[in-house]
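Order-wise, the sequence lines are chains S and A. Numbers given in this note's numbering equal positions in the first sequence, counted from 1, plus 2. Numbers given in this note's numbering equal positions in the second sequence, counted from 1, plus 151. Glycine residues also receive a C-beta, built at the ideal position from the N, C-alpha and C atoms. Have a look at the structure below, then the notes.
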Amino acid sequence: MIRRHPEPLLWMLFSAGGVVSAMLMPVLVLLFGLAYPLGWLTPPASDRVRALVANPLAAIVLFSLIVLSLFHWAHRFRHTLYDGLQIKHLSEVIAVVSYGAAIVGSAVAAYLLWQLS
Amino acid sequence: MSDHITLQIARYRPEQESEPTFNEYEVPYTKESAVLDGLNYVKDRLDGTLVYRWSCRMGICGSCGMSVNGEPKLTCATFLADYAPGPVRVEPLRNFPIIRDLIVDIGDFMRKLVRVKPWIVREVDKPLSEGEYRQTPEQLDEYKQFSMCINCMLCYSACPIYGLDPKFIGPAAIALAQRYNLDNRDEGAGDRMEVLSEYDGIWGCTFVGECTKVCPKHVDPAGAIQRYKLTAALESMKSFFAPRGA
Ligand code: SF4
Ligand code: FES
């Protein structure tokens, strides 16, 4: 019997997060973080962006992207602390802080997306 | 006429000395001379007390792994000319306890290896009268790369995770588990999964990738681990959603 520990699930979230954030984040950051604010491109009208985010499908995609990216970060961060700083004896605290932050972040994202819909 | 190069060789007798020291030896070399040839020259002509392991001199036995200028290498397949004008620093493989001079204790690796059952596991062996187990070239290709492993432990020496946490089962053991898991004659994947899906199994790996870089046989243990992580994660999801299932 395979012993149950959460590592496989956390790793799946980590990998999925790696894939989706590598695919979508650079474009989004380039558009909304640089190109629009710096005026390289004409930004779409804000009510159009809002209407887009209010679409349940778009909201789900955005939400998944944010949640998975956060869990990707959490996993990385946790392992970096473990091995990089060699403080594995604090593993429980580190895990709670890393994944806790990802959960809080996800909740905030859910709340904001809900507000916009 | 041959050139000479200086070897700085780590010498250590743990019972008598508190830490390794380095001795320098001048050895002749040509463009065909391996680091191992340099060591043999030292042992035969200059200092018979030097000890190190080797056997085949042709990258097959996996016993001559040492740290050459800080990198894990097969000393029979690493050439002195590439380090000219020298000096060349030869140390025991990192991450293992030193027994003496360039010899490390490989017991930990040997114990890990048997845990993953690196042999063909069958529920019931086919009777001899039914003939051999057949395999197509495609079925062979599935695992062939992992079967090239010569147990040289260079990957363990390069792995920072193993260095920090010797409980980690390590690259070659996982690659060898995959060697048999992916063999169509084998039925031991379930047994191996128990060992590998532990926290100290595949999940210890954070995909640093050094193991694959140093592997002299292009086994790509890092790739084997990543692939197995996916298998194990899917398996554990399955058992999560169908706890009493197959
Ligand atoms: S995987 Fe490569 S480096 Fe590791 S023991 Fe096998 S042959 Fe050596
Ligand atoms: S002596 Fe056999 S691999 Fe180097």
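With 16 or more neighbouring CB atoms inside 10 Å of its own CB, Asn246(A) falls in the buried class.
In this structure, the CA atom of Asp85(S) is about 7 Å from the CA atom of Leu315(A). Selection Pro238(A), Glu289(A), Leu305(A), Tyr313(A) evaluated against Pro179(A) yields Pro238(A) as nearest (Cα-Cα). Pro10(S) is not a Cβ neighbour of Ala232(A), given a cutoff of 8 Å.
Residue burial annotation: Ile325(A) is buried, with at least 16 other C-beta atoms found within 10 angstroms of its C-beta. If you look at Lys380(A), you'll find it in the alpha helix (DSSP H) that goes 372-392. Not one beta carbon of chain S lies nearer than 8 Å to the beta carbon of Tyr379(A).
Remark: C-beta atoms of Arg343(A) and Ala323(A) do not approach each other more closely than 8 Å.
Straight through space, the alpha carbons of Phe230(A) and Gly216(A) are spaced by roughly 13 Å. Shortest gap from the CB of Ile301(A) to any heavy atom of ligand 1: under 7 Å.
Cα atoms of Met209(A) and Cys227(A): separation of roughly 6 Å, rounded to the nearest angstrom. Taking a cut-off of 8 Å for Cβ pairs, the segment 366-373 of chain A and the segment 292-307 of chain A touch, as three or more such pairs fall below it. Within chain A, no C-beta atom comes less than 7 Å from the C-beta of Gln117(S); the nearest is roughly 33 Å away. For Gly102(S), the enclosing alpha helix (DSSP H) begins and ends at 93-118. Using a 10 angstroms sphere on the CB of His7(S), the tally of other CB atoms stays under 16, which defines it as exposed.
In chain order, Tyr350, Trp354 make up the part of chain A whose C-beta sits under 8 Å from the C-beta of Glu9(S). Restricting attention to Glu222(A), Ser214(A), Asp252(A), the CA atom closest to the CA of Gly199(A) is found in Asp252(A). Trp42(S) counts as exposed, since fewer than 16 other beta carbons sit within 10 angstroms of its beta carbon. The CB of Ile312(A) comes closer than 8 Å to the CB of Asp85 in chain S, given here in chain order. Within chain A, Thr357 have C-beta atoms less than 8 Å from the C-beta of His81(S), given in sequence order.
Counting only runs that start and end inside the segment 238-267 of chain A, the beta strand (DSSP E) elements of at least 3 residues fall at 239-242, 249-251. Using a 10 angstroms sphere on the CB of Gly339(A), the tally of other CB atoms reaches 16 or more, which defines it as buried. Trp116(S) counts as exposed, since fewer than 16 other C-beta atoms from the protein chains shown sit within 10 angstroms of its C-beta. DSSP places Gln159(A) in the strand class (E or B) of the three-state scheme.
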